[in-house]
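S.K.:
Protein chains in written order, with the working numbering: chain A, 1 to 134; chain P, 135 to 268.
In structure tokens:
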């Protein structure tokens with residue numbers, strides 16, 4: 001009996017911990033902005049829709065690489081944090097992000113529990129770079 | 135306009151108001167002081183005790199919060215982001231350290247939005263605040 005308990009207890013702890021710490025979007029933007037059978041929500045598609053410069057398509061790490069134009073203080077394209085917060089928390093996208101997709105802060109951020117710093121998730125772009133002839 | 139149509143219009147308007155009120159409901163509009171309360175027996179709360187910030191900090195040896203009127207705004211007088219002990223770091227650590235065992239996340243379902251609010255139009259993440267409750 002005790003042997004079973006010794007095996008089950010750690011397993012239960014790990015299982016419980018994985019629920020508490022479960023993470024559906026470990027890579028932030030690119031974990032959510034994907035192509036499905038219903039629609040293609042990858043960022044390269046959205047870049048085309050909003051007529052973003054080619055720099056967006058060429059960015060490898062999302063959103064880390066976006067900082068070269070969208071840094072908080074001196075980004076020539078405006079602070080990314082402001083742009084992303086606005087686009088995800090202003091109608092009509094807000095309904096989609098917070099309602100349909102149940103998005104919230106931790107979809108894009110994670111807490112470093114050792115330092116107390118809120119970090120930004122990132123991941124490699126999930127589209128093939130298109131070479132456009134001059 | 136027929137009475138039947140008017141009744142339907144009124145009911146629809148009332149239903150819309152109800153739905154929007156539910157959608158924007160915020161259990162912690164004032165942040166810290168909405169959660170850190172004096173919870174007395176018979177209140178129906180799961181936990182009974184004095185969870186207000188002043189007595190909690192007194193247990194840690196923190197100086198008397200004599201000049202604090204608005205929480206956490208006034209805390210920034212000593213705990214600004216540029217100080218040795220920024221409030222954001224302290225509060226994040228206290229609430230998210232060891233998340234699998236931290237009561238904030240495990241018992242109270244605490245999330246970023248308990249303390250923060252998003253201003254969609256400006257894209258600014260805000261810190262909720264309220265008058266001290268001690």
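Don't be surprised by glycine CBs; every beta carbon is placed ideally from N, CA and C. Note that this is a predicted model, so its numbers are computed, not measured.
With a threshold of 8 Å between beta-carbons, can residue 118(A) be considered close to chain P, or not?
M.R.: Judged by the 8 Å Cβ criterion, residue 118(A) is in contact with chain P.
S.K.: Do you know whose CA, among 103(A), 118(A), 117(A) and 130(A), lies nearest residue 25(A)'s CA?
M.R.: Measuring from the Cα of residue 25(A), the nearest candidate turns out to be 103(A).
S.K.: Let's see if you can read the secondary structure: which residues bound the beta strand (DSSP E) around residue 117(A)?
M.R.: 117 to 120
S.K.: Ignore the nearest five residues each way along the sequence and tell me which others in residue 61(A)'s own chain have a CB closer than 7 Å to its CB.
M.R.: Taking C-beta separations shorter than 7 Å and ignoring five residues to either side along the sequence, the partners of residue 61(A) in its chain run 122 and 124, following chain order.
S.K.: With a threshold of 8 Å, are at least 3 pairs of Cβ atoms found where one atom belongs to the region 244 to 261 of chain P and the other to the region 79 to 87 of chain A?
M.R.: yes
S.K.: Using DSSP's beta-bridge definition, name the partner residues of residue 61(A).
M.R.: 124(A)
S.K.: Anything in chain A within Cβ reach of residue 223(P), meaning under 9 Å, just list it in chain order.
M.R.: 115, 116 and 117
S.K.: What is the residue span of the alpha helix (DSSP H) that residue 259(P) lies within?
M.R.: Premise fails: residue 259(P) lies in the beta strand (DSSP E), 258 to 261, not in any alpha helix (DSSP H).
S.K.: Please state the DSSP three-state secondary structure of residue 207(P).
M.R.: helix
S.K.: Give every residue of the same chain whose Cβ lies closer than 7 Å to the Cβ of residue 120(A), excluding the five residues on either side of it in the sequence, and list them in chain order.
M.R.: 28, 63, 108 and 109
S.K.: To which residues of the same chain is residue 127(A) closer than 7 Å at the C-beta, ignoring the five residues directly before and after it?
M.R.: 42 and 44
S.K.: Check each residue of the region 236 to 266 of chain P: if its Cβ is closer than 9 Å to any Cβ of chain A, include it; give the result in chain order.
M.R.: 236, 239, 240, 245, 246, 247, 250, 252, 253, 254, 255, 256, 257, 258 and 259
S.K.: Counting only Cβ pairs nearer than 9 Å, list the residues of chain P close to residue 85(A).
M.R.: Taking a Cβ-Cβ threshold of 9 Å, the residues of chain P close to residue 85(A) are 252, 253, 254, 256, 257, 258 and 259, in chain order.
S.K.: List the endpoints of the continuous alpha helix (DSSP H) containing residue 251(P).
M.R.: First-last for residue 251(P): 250 to 253, but that is the beta strand (DSSP E), not the alpha helix (DSSP H).
S.K.: Please tell me whether residue 203(P) has its Cβ less than 8 Å away from any Cβ of chain A.
M.R.: no
S.K.: Run down chain P in chain order and give the residues with a C-beta less than 9 Å from the C-beta of residue 89(A).
M.R.: 252, 253, 254, 255 and 257
S.K.: Who are the Cβ neighbours of residue 164(P) in its own chain at under 7 Å, not counting the five residues just before and after it?
M.R.: 262, 263 and 264
S.K.: Flag residue 106(A) as yes if its beta-carbon sits less than 8 Å from any beta-carbon of chain P, otherwise no.
M.R.: yes
S.K.: Taking 8 Å as the threshold (beta carbon to beta carbon), is residue 96(A) in contact with chain P?
M.R.: no
S.K.: Give the secondary structure of residue 17(A) by DSSP, where H, G and I count as helix, E and B as strand, and everything else as coil.
M.R.: Only weak support exists for where residue 17(A) lies, its pLDDT of 38 falling under 50; the value from the coordinates is given anyway. Residue state, collapsed to three classes: helix.
S.K.: Residue 112(A) lies in the alpha helix (DSSP H); which residues open and close that run?
M.R.: DSSP places residue 112(A) in no alpha helix (DSSP H) but in the uninterrupted beta strand (DSSP E) bounded by 109 to 112.
S.K.: To be precise: take each residue of the region 50 to 79 of chain A, compare its Cβ to all Cβ atoms of chain P, and keep it if any distance is under 9 Å. Which residues remain?
M.R.: 79
S.K.: Using beta carbons (cut-off 8 Å, strictly below), is residue 155(P) in contact with chain A?
M.R.: Confidence is the limiting factor: at residue 155(P) the pLDDT is only 38, short of 50, which leaves the residue's position unreliable, though a coordinate-based value still follows. Not an interface residue.
S.K.: Which first and last residues belong to the alpha helix (DSSP H) in which residue 240(P) is found?
M.R.: Annotation for residue 240(P): the continuous alpha helix (DSSP H) segment containing it runs 237 to 240.
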